[in-house]
Ligand code: MOS
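Residue numbers (the UniProt record's numbering): 1 to 762.
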């Protein structure tokens with residue numbers, strides 16, 4: 001821990017955000033916790049919700065991209081004559097005529113830096129990865145643009161590239177960093193304790209590359225108005241994108257307006273990549289608006305995915321099951337133009353107690369497309385190793401895997417020693433085991449048959465931290481007609497953000513949901529609120545709390561001396577029934593409408609900035625889940641069929657059970673893909689992705705998805721806004737191990753490399 005972290009850890013609770021729990025965690029009835037259908041559902045069903053590739057602008061041109069076919073070197077010849085002469089073509093942009101631009105500011109190198117890589121974009125003839133865009137064609141229709149691209153001829157002077165992971169590793173690894181922090185941690189002497197431990201397991205686990213496959217491929221509709229750039233984007237980071245595009249084109253942040261009203265899934269892949277920059281550059285050159293919508297192949301060529309991992313997970317235990325040593329180490333490659341070794345040790349930092357812990361992620365650099373965040377980066381694949389190893393230890397000890405996990409729960413943060421804000425994982429395990437019928441499991445592997453199917457049950461822990469990033473801010477406006485509007489540069493990517501926060505705002509202001517408008521997805525709104533790290537709900541919550549405090553003060557000023565509220569301070573009042581009231585005497589009440597009417601105002605607006613997120617340094621804040629899987633493995637074909645799945649979560653307060661269940665289920669389904677089928681086929685000889693389509697990159701379809709039951713503790717976290725810890729990413733975590741452990745119970749085969757395809761089970 002650094003000095004700042006230590007000071008915050010030791011400071012009094014009351015100095016921290018969350019030191020006085022958000023009053024809304026006590027709200028038992030009303031909007032919070034109500035199962036509300038998505039407020040944007042009817043718009044989506046009617047086709048009236050505009051996505052990025054649906055903005056139609058006058059005189060708009062359609063873009064298509066040509067991708068390099070070598071991983072490194074330079075473009076020797078690039079013949080665009082036939083494309084330029086093709087029907088409907090308005091412009092072909094290459095490095096020869098592209099406007100001068102700076103590289104994208106790499107994500108996290110500045111507060112609003114959002115770039116996926118920091119390479120020059122079409123500024124020279126250099127090739128940096130196999131699939132790099134080398135030409136943009138603009139035409140009157142998408143079909144004309146796609147056809148014209150096929151007429152471009154390129155040759156390359158290839159240079160030796162490092163595209164083989166094994167070759168890169170043979171040259172040596174270097175310590176990995178994640179968000180500037182080392183991915184190494186030590187407590188005690190884990191290797192020595194492991195060597196002496198009476199019971200030991202020591203496994204090597206592997207996970208492959210994964211690609212982003214949001215149902216909506218990446219797209220942007222772009223227009224210049226003079227030196228003002230307007231981008232209708234599919235984004236989980238509108239402020240980052242606006243600021244970063246300003247930096248690329250050398251214009252002020254205020255000259256860039258990014259909107260993103262609806263997004264068909266983000267998962268960490270929808271920040272700023274080269275296509276928005278290329279679309280804006282081509283629009284500038286052509287002097288016309290441009291729509292750049294990536295094909296599915298385009299997403300594979302241009303948008304980074306999850307990198308592969310090789311992990312060691314070793315556990316030393318006493319015969320009674322108590323862990324004495326945890327070792328989680330390994331390697332994950334990243335690209336040269338970013339730095340993102342998949343941080344697979346993250347789940348091991350907080351899941352189990354042990355006097356000795358050693359964690360280390362090493363990295364190597366390959367000539368490949370920049371890899372990136374993909375739902376629960378670190379935890380989704382790290383839990384595969386951790387929770388498989390725990391299962392192996394349970395077998396070695398002859399202890400039930402649920403009991404072994406409960407036995408090894410830590411009483412404080414295993415590495416930092418800080419107290420947990422709220423941790424009810426044992427309750428989640430007990431409730432899940434009961435509901436799933438875990439007691440009916442036969443602990444002897446390969447002992448249950450159903451015809452030609454071998455049937456087994458497995459379990460695993462899910463986990464994801466509570467985050468809240470700095471920069472949250474919101475504006476609340478009350479109008480004399482009794483309505484309230486909240487504006488915040490947040491994002492709705494299908495998770496239910498707009499719905500859940502309409503509920504929260506209604507509750508916080510003492511209004512009904514139909515009086516509240518939650519406006520988001522626009523860089524003109526306040527706040528730097530990334531829809532990532534499962535932190536958007538906390539960030540919005542804290543921002544609205546801040547704006548609400550300012551609003552109450554403004555209202556008291558307007559209320560003046562003739563109000564029942566006269567003389568009261570902001571601390572003495574709260575929002576009650578469409579107005580303000582004295583907290584301990586609600587008969588002293590005046591409605592917002594009355595305050596505005598008496599003061600002759602048609603509206604009042606208040607903007608507030610969220611406090612710095614110090615709570616995560618003071619408390620150890622994590623969500624957990626207990627996962628249960630029943631699988632059938634065909635003894636003839638090796639085919640796996642998940643029969644039942646249950647997730648029992650402890651994520652604090654659940655704001656909307658309907659949208660939350662959908663979030664959890666979606667995450668679990670993504671986890672089933674990770675467990676059973678997802679794998680980017682990366683040609684190690686030339687760095688080419690060989691399966692850039694949903695025909696060859698397999699994700700679960702409806703027939704692959706069984707009944708999935710989701711339950712939760714619903715115990716509010718007193719330190720989080722609304723008591724809610726965020727649920728976007730935890731769903732995918734642990735699923736790989738729950739499935740692999742069920743396969744072991746069914747077949748007696750321990751598969752340590754994902755995906756669990758049938759060739760590994762024959
Ligand atoms: Mo997420 S991988 O932080 O969108």
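Glycine included, C-beta positions come from ideal geometry on N, C-alpha and C.
As assigned by DSSP and simplified to three states, the class of residue i
i	result
residue 520	coil
residue 403	helix
residue 133	strand
residue 438	helix
residue 84	helix
residue 171	coil
residue 51	coil
residue 486	strand
residue 251	coil
residue 703	helix
residue 750	coil
residue 165	helix
residue 321	coil
residue 476	strand
CB contact flag (residue i, residue j, <9 Å)
i	j	result
residue 529	residue 471	yes
residue 454	residue 741	no
residue 318	residue 265	no
residue 386	residue 201	no
residue 249	residue 220	no
residue 688	residue 287	no
residue 473	residue 547	yes
residue 375	residue 667	yes
residue 285	residue 241	no
residue 729	residue 421	no
residue 744	residue 282	no
residue 275	residue 218	yes
residue 590	residue 580	yes
residue 154	residue 684	no
residue 565	residue 596	no
residue 378	residue 344	yes
residue 293	residue 53	yes
residue 104	residue 179	no
Chain-order list of residues whose beta-carbon lies under 6 Å from that of residue i (same chain, five-residue window excluded)
i	result
residue 638	758, 761, 762
residue 691	681, 697
residue 27	507
residue 142	62
residue 407	321
residue 243	112, 253
residue 739	629, 675
residue 671	732, 735
residue 610	472, 542, 543, 546
residue 19	13
residue 725	466, 623, 651, 652, 717
residue 277	121, 248
Cutoff 8 Å; reference residue i; Cβ partners in own chain excluding five residues on either side
i	result
residue 189	356
residue 307	209, 332, 333, 334, 340, 341, 342, 371
residue 612	17, 470
residue 519	485, 486, 487, 488, 525
residue 588	564, 565, 568, 581, 582
Sequence-distant residues of the same chain with beta carbon closer than 7 Å to residue i, five excluded per side
i	result
residue 424	650, 713, 715
residue 95	122, 123, 124, 125
residue 673	699, 700
residue 169	331, 364
Distance cut-off 8 Å: residue i Cβ against heavy atoms of the ligand ATP
i	result
residue 457	Absence of the ligand ATP is noted for the structure shown, with the ligand MOS being the only ligands found.
Open item on the list: Taking 8 Å as the cut-off, does the stretch 64 to 73 touch the stretch 121 to 134 (at least 3 CB pairs, one atom from each stretch)?
Closed with: yes
- [ ] Say whether the stretch 359 to 377 touches the stretch 487 to 498, bearing in mind that this needs 3 or more beta-carbon pairs closer than 8 Å, one atom from each stretch.
- [x] no
Task: By C-beta, the residues closer than 7 Å to any heavy atom of the ligand MOS, given in chain order - done: 236, 266, 267, 268, 373, 374, 375, 376, 377, 531, 532, 533, 534, 728, 729
Task: Three CB pairs or more closer than 8 Å across the stretch 147 to 155 and the stretch 74 to 90 - done: yes
- [ ] Please determine if the stretch 619 to 626 and the stretch 647 to 659 are in contact, where contact requires at least 3 C-beta pairs separated by less than 8 Å.
- [x] yes
Open item on the list: Could you check whether the stretch 24 to 38 touches the stretch 656 to 664, counting it as contact only if at least three pairs of C-beta atoms, one from each stretch, sit closer than 8 Å?
Closed with: yes
Open item on the list: Contact between the stretch 51 to 60 and the stretch 98 to 107 is defined here as three or more beta-carbon pairs at a separation below 8 Å; is this criterion met?
Closed with: no
Open item on the list: Between the stretch 159 to 176 and the stretch 344 to 363, can you find at least three pairs of beta-carbon atoms closer than 8 Å?
Closed with: yes
Open item on the list: Under 8 Å, with one C-beta from each stretch per pair, do the stretch 395 to 407 and the stretch 294 to 312 reach the 3-pair mark?
Closed with: no
Task: Validate contact between the stretch 459 to 470 and the stretch 180 to 194 using beta carbons, cut 8 Å, 3 pairs - done: no
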